[in-house]
């Protein structure tokens with residue numbers, strides 16, 4: 001998938017990510033990896049999208 005082809009199964013609002021679809025709130029990857037920010041995860045704030053890659057500004 002490219003940035004122009006959203007994966008409707010993965011919603012995303014992080015517009016600075018290289019995989020974010022420009023005009024839609026979706027990711028363009030086929031799958032993502034979710035990681036932990038803390039050793040003791042108790043809520044979603046302690047998780048992250050480990051597939052994130054900083055995108056360039058066009």
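Numbering (full-length UniProt numbering), first residue to last: 1 to 58.
Idealized CB from N, CA, C, for every residue including glycine.
In whole angstroms, give me the CA-to-CA distance for residue i and residue j.
| i | j | result |
| --- | --- | --- |
| residue 8 | residue 24 | 10 Å |
| residue 43 | residue 32 | 19 Å |
| residue 52 | residue 17 | 6 Å |
| residue 48 | residue 54 | 14 Å |
| residue 11 | residue 56 | 20 Å |
| residue 30 | residue 22 | 16 Å |
| residue 40 | residue 15 | 28 Å |
| residue 50 | residue 20 | 14 Å |
Sort the options by Cα distance to residue i and report the nearest one.
| i | options | result |
| --- | --- | --- |
| residue 46 | 35, 56, 19 and 52 | 35 |
| residue 6 | 26, 38 and 13 | 26 |
Output the boundary residues of the beta strand (DSSP E) element that contains residue i.
| i | result |
| --- | --- |
| residue 49 | 47-49 |
| residue 35 | 34-36 |
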